[in-house]
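Here the working numbering runs 9 ahead of the position in the sequence shown, where the first position is 1.
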Amino acid sequence: MPHAELTLTIPDEIWIGDISRAYDDATFRILSALPGEDSGVGLAEITSDDLPAVLRDIENRESVTTLEILSHRDDSALIQFETSMPLLLFPVQGSGVPLEMPFTLSNGEAVWEISAPQERLSELGEQLEEFGISFSVDRIQQHLETEQVLTESQLELVQEAIDAGYYDTPRECSLTELADRVGIAKSTCSETLHRAEEQILKQFVSDLPAR
(Lines of atoms letter the chains of each structure in order from A; the text may use other names.)
(Lines give C-alpha, C1' and ligand atoms only; values in the text may rest on other atoms or scores of the structure.)
Protein backbone atom coordinates (compact mmCIF):
# COMPACT_ATOMS: atom_id res chain seq x y z
CA MET A 10 0.00 0.00 0.00
CA PRO A 11 1.42 3.43 -0.90
CA HIS A 12 2.54 5.76 1.89
CA ALA A 13 2.61 9.46 0.97
CA GLU A 14 3.86 12.64 2.61
CA LEU A 15 2.13 15.84 1.46
CA THR A 16 2.72 19.50 2.21
CA LEU A 17 -0.49 21.53 2.05
CA THR A 18 -0.62 25.30 1.64
CA ILE A 19 -3.49 26.54 3.80
CA PRO A 20 -5.67 29.21 2.13
CA ASP A 21 -5.62 32.65 3.79
CA GLU A 22 -9.34 32.51 4.54
CA ILE A 23 -8.85 29.56 6.91
CA TRP A 24 -8.20 30.95 10.39
CA ILE A 25 -5.43 28.53 11.33
CA GLY A 26 -3.53 29.27 8.14
CA ASP A 27 -3.86 33.02 8.62
CA ILE A 28 -2.77 32.89 12.27
CA SER A 29 0.20 30.63 11.58
CA ARG A 30 1.41 33.13 8.97
CA ALA A 31 0.88 36.10 11.29
CA TYR A 32 2.99 34.40 14.00
CA ASP A 33 5.70 32.74 11.96
CA ASP A 34 7.39 31.17 15.00
CA ALA A 35 4.16 29.42 16.04
CA THR A 36 3.79 25.67 15.56
CA PHE A 37 0.42 23.94 15.69
CA ARG A 38 0.55 20.21 16.42
CA ILE A 39 -2.87 18.78 15.63
CA LEU A 40 -3.37 15.80 17.94
CA SER A 41 -6.89 14.86 16.85
CA ALA A 42 -9.64 16.24 14.64
CA LEU A 43 -13.21 15.17 14.08
CA PRO A 44 -15.43 16.61 11.33
CA GLY A 45 -19.17 17.01 11.80
CA GLU A 46 -21.94 18.05 9.42
CA ASP A 47 -21.39 21.79 9.83
CA SER A 48 -18.38 22.04 12.14
CA GLY A 49 -15.23 20.33 13.31
CA VAL A 50 -13.63 19.73 16.69
CA GLY A 51 -9.88 19.57 17.20
CA LEU A 52 -7.27 19.06 19.88
CA ALA A 53 -4.01 20.94 19.31
CA GLU A 54 -0.76 21.77 21.01
CA ILE A 55 0.51 25.27 20.21
CA THR A 56 4.06 26.50 20.74
CA SER A 57 5.00 30.16 20.29
CA ASP A 58 7.15 32.86 21.89
CA ASP A 59 4.07 35.09 21.69
CA LEU A 60 1.59 32.50 22.94
CA PRO A 61 -0.88 34.85 24.73
CA ALA A 62 -1.32 36.87 21.52
CA VAL A 63 -1.83 33.69 19.48
CA LEU A 64 -4.52 32.44 21.87
CA ARG A 65 -6.30 35.81 21.85
CA ASP A 66 -6.24 35.84 18.06
CA ILE A 67 -7.77 32.35 17.91
CA GLU A 68 -10.48 33.31 20.40
CA ASN A 69 -11.39 36.40 18.36
CA ARG A 70 -11.85 34.51 15.10
CA GLU A 71 -15.48 34.37 14.02
CA SER A 72 -15.13 30.84 12.63
CA VAL A 73 -13.81 29.53 15.97
CA THR A 74 -17.05 28.94 17.87
CA THR A 75 -15.52 27.56 21.08
CA LEU A 76 -12.02 27.55 22.56
CA GLU A 77 -10.95 25.79 25.74
CA ILE A 78 -7.40 26.04 27.08
CA LEU A 79 -6.74 22.66 28.71
CA SER A 80 -3.22 23.45 29.88
CA HIS A 81 -0.82 26.37 29.59
CA ARG A 82 2.87 26.34 30.44
CA ASP A 83 5.60 28.78 29.38
CA ASP A 84 5.46 28.99 25.56
CA SER A 85 3.09 26.06 24.90
CA ALA A 86 -0.59 25.36 25.40
CA LEU A 87 -2.98 22.48 24.83
CA ILE A 88 -6.31 23.62 23.44
CA GLN A 89 -9.59 22.13 22.30
CA PHE A 90 -11.53 24.10 19.73
CA GLU A 91 -14.60 23.92 17.56
CA THR A 92 -14.71 25.64 14.20
CA SER A 93 -17.46 26.30 11.70
CA MET A 94 -14.88 26.06 8.89
CA PRO A 95 -13.03 22.72 9.15
CA LEU A 96 -11.95 23.02 5.52
CA LEU A 97 -8.89 20.82 5.96
CA LEU A 98 -11.04 17.89 7.06
CA PHE A 99 -13.50 17.94 4.16
CA PRO A 100 -11.10 16.47 1.55
CA VAL A 101 -10.17 13.67 3.95
CA GLN A 102 -13.82 12.96 4.67
CA GLY A 103 -14.77 13.08 0.99
CA SER A 104 -12.00 10.76 -0.17
CA GLY A 105 -12.29 8.27 2.67
CA VAL A 106 -8.55 8.50 3.38
CA PRO A 107 -7.52 8.07 7.05
CA LEU A 108 -5.32 10.96 8.13
CA GLU A 109 -2.41 10.00 10.39
CA MET A 110 -2.25 11.99 13.61
CA PRO A 111 -0.60 14.03 14.87
CA PHE A 112 0.41 16.40 12.08
CA THR A 113 2.14 19.76 12.29
CA LEU A 114 1.19 23.11 10.82
CA SER A 115 3.36 26.23 10.72
CA ASN A 116 3.73 29.34 8.57
CA GLY A 117 0.64 28.46 6.55
CA GLU A 118 1.72 24.92 5.68
CA ALA A 119 0.61 21.54 7.02
CA VAL A 120 2.47 18.25 6.61
CA TRP A 121 0.32 15.16 6.20
CA GLU A 122 1.33 11.50 6.20
CA ILE A 123 -1.16 9.13 4.62
CA SER A 124 -1.31 5.41 3.83
CA ALA A 125 -4.04 4.44 1.37
CA PRO A 126 -4.60 2.60 -1.92
CA GLN A 127 -3.54 4.48 -5.04
CA GLU A 128 -7.11 5.25 -6.11
CA ARG A 129 -7.90 6.80 -2.70
CA LEU A 130 -4.78 8.97 -2.88
CA SER A 131 -5.86 10.17 -6.32
CA GLU A 132 -9.32 10.97 -4.96
CA LEU A 133 -7.77 12.92 -2.09
CA GLY A 134 -5.78 14.99 -4.58
CA GLU A 135 -8.96 15.78 -6.50
CA GLN A 136 -10.77 16.73 -3.28
CA LEU A 137 -7.96 19.05 -2.21
CA GLU A 138 -8.04 20.80 -5.57
CA GLU A 139 -11.83 21.08 -5.40
CA PHE A 140 -11.58 22.88 -2.04
CA GLY A 141 -8.83 25.19 -3.32
CA ILE A 142 -6.05 23.72 -1.20
CA SER A 143 -2.77 23.54 -3.09
CA PHE A 144 -0.34 20.78 -2.16
CA SER A 145 2.91 19.10 -3.12
CA VAL A 146 3.83 15.43 -2.85
CA ASP A 147 7.12 15.31 -0.93
CA ARG A 148 7.47 11.54 -0.80
CA ILE A 149 5.59 8.44 -1.86
CA GLN A 150 6.64 4.86 -1.36
CA GLN A 151 5.13 1.43 -1.22
CA HIS A 152 4.42 0.15 2.29
CA LEU A 153 4.50 -3.62 2.34
CA GLU A 154 2.28 -5.35 4.87
CA THR A 155 4.96 -7.90 5.73
CA GLU A 156 2.87 -9.60 8.38
CA GLN A 157 0.50 -10.69 5.57
CA VAL A 158 3.21 -11.40 2.98
CA LEU A 159 5.70 -13.41 5.05
CA THR A 160 5.46 -16.26 7.50
CA GLU A 161 6.66 -15.59 11.03
CA SER A 162 9.91 -17.49 10.45
CA GLN A 163 10.56 -15.66 7.16
CA LEU A 164 9.95 -12.27 8.77
CA GLU A 165 12.23 -13.06 11.71
CA LEU A 166 15.02 -14.18 9.36
CA VAL A 167 14.71 -11.11 7.12
CA GLN A 168 14.81 -8.82 10.16
CA GLU A 169 17.86 -10.67 11.48
CA ALA A 170 19.54 -10.37 8.06
CA ILE A 171 18.94 -6.62 8.00
CA ASP A 172 20.27 -6.21 11.56
CA ALA A 173 23.38 -8.23 10.71
CA GLY A 174 24.14 -6.17 7.60
CA TYR A 175 23.46 -8.98 5.13
CA TYR A 176 21.72 -6.55 2.75
CA ASP A 177 24.24 -3.73 3.22
CA THR A 178 26.62 -2.62 0.46
CA PRO A 179 29.27 -3.81 0.96
CA ARG A 180 27.81 -6.83 2.73
CA GLU A 181 28.80 -6.99 6.40
CA CYS A 182 27.55 -10.52 7.02
CA SER A 183 27.86 -13.59 4.79
CA LEU A 184 25.16 -16.21 4.31
CA THR A 185 27.21 -18.66 6.38
CA GLU A 186 27.59 -16.13 9.19
CA LEU A 187 23.88 -15.35 9.11
CA ALA A 188 22.97 -19.04 9.29
CA ASP A 189 25.31 -19.51 12.26
CA ARG A 190 23.87 -16.41 13.92
CA VAL A 191 20.29 -17.76 13.83
CA GLY A 192 21.28 -21.39 14.37
CA ILE A 193 20.05 -22.99 11.12
CA ALA A 194 21.71 -24.77 8.21
CA LYS A 195 23.14 -22.61 5.44
CA SER A 196 20.88 -24.29 2.84
CA THR A 197 17.78 -23.65 4.99
CA CYS A 198 18.82 -20.04 5.49
CA SER A 199 19.32 -19.54 1.76
CA GLU A 200 15.98 -21.13 0.81
CA THR A 201 14.02 -19.22 3.47
CA LEU A 202 15.53 -15.89 2.43
CA HIS A 203 14.87 -16.62 -1.24
CA ARG A 204 11.19 -17.40 -0.58
CA ALA A 205 10.82 -14.27 1.56
CA GLU A 206 12.49 -12.06 -1.05
CA GLU A 207 10.24 -13.56 -3.74
CA GLN A 208 7.08 -12.72 -1.77
CA ILE A 209 8.26 -9.19 -0.95
CA LEU A 210 9.11 -8.41 -4.58
CA LYS A 211 5.84 -9.87 -5.91
CA GLN A 212 3.84 -7.87 -3.36
CA PHE A 213 5.76 -4.69 -4.22
CA VAL A 214 5.14 -5.07 -7.96
CA SER A 215 1.46 -5.93 -7.49
CA ASP A 216 0.95 -2.70 -5.50
CA LEU A 217 2.43 -0.53 -8.24
CA PRO A 218 -0.11 1.51 -10.27
CA ALA A 219 -0.99 0.07 -13.67
CA ARG A 220 1.12 1.38 -16.55
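Think of the CB as a built atom: it goes at the ideal place given N, C-alpha and C, for glycine as much as any other residue.
By the criterion of a C-beta distance shorter than 6 angstroms, Ile25 is surrounded by no residue of its chain, once the five residues flanking it on both sides are discounted. In this structure, the straight-line span from the alpha carbon of Ala205 to that of Val50 is close to 45 angstroms. When Glu200, Phe144 and Val214 are compared, the shortest CA-CA separation from Thr16 is found for Phe144. A residue is called buried when at least 16 other Cβ atoms come within 10 angstroms of its Cβ; Pro61 does not meet this threshold and is exposed. Given a length threshold of 4 residues, each whole run of the alpha helix (DSSP H) inside the segment 114–163 is given here in chain order: 127–139 and 155–158. Of all C-beta pairs linking the segment 128–147 to the segment 188–195, fewer than three are shorter than 8 angstroms, placing the two stretches out of contact. When DSSP states are grouped into helix, strand and coil, Glu165 belongs to the helix group. Per DSSP, reduced to three states, the secondary structure at Ala194 is coil, with no helix or strand assignment. For Pro11, the uninterrupted beta strand (DSSP E) segment begins and ends at Pro11 to Thr18.
Contact check for Glu68 against Leu76 passes: the beta carbons are separated by less than 8 angstroms.
Taking the C-beta atoms as reference points, Ser41 is found nearer than 8 angstroms to Met110. The C-beta distance from Gln208 to Leu159 rounds to 6 angstroms, short enough to fall under 8 angstroms.
Taking 8 angstroms as the cut-off, the beta carbon of Ala53 is found no closer than this to the beta carbon of Ile123. For Ile25, the uninterrupted alpha helix (DSSP H) segment begins and ends at Trp24 to Ala31. Around the beta carbon of Phe213, a 10 Å sphere encloses fewer than 16 other beta carbons of the protein chains shown; the residue is thus reported as exposed.
Exclusion of the five residues before and after Gln136 leaves Pro100, Gly103 and Ser104 as the residues of its chain whose Cβ lies within less than 6 angstroms of its Cβ.
If you ignore the 5 residues before and after Tyr176, its C-beta comes within less than 7 angstroms of the C-beta of Ala170, all in its own chain and listed in chain order. Under the three-state reduction of DSSP output, Thr201 falls in the helix class. Distance check between Val63 and each of Asp27, Ala173 and Pro11 places Asp27 closest, using alpha-carbon atoms only. Nearest to Phe112 by C-alpha distance, out of Leu97, Ala125 and Pro126, is Leu97. For Gly103, no beta strand (DSSP E) run applies; the uninterrupted alpha helix (DSSP H) run containing it begins and ends at Leu98 to Ser104, by DSSP.
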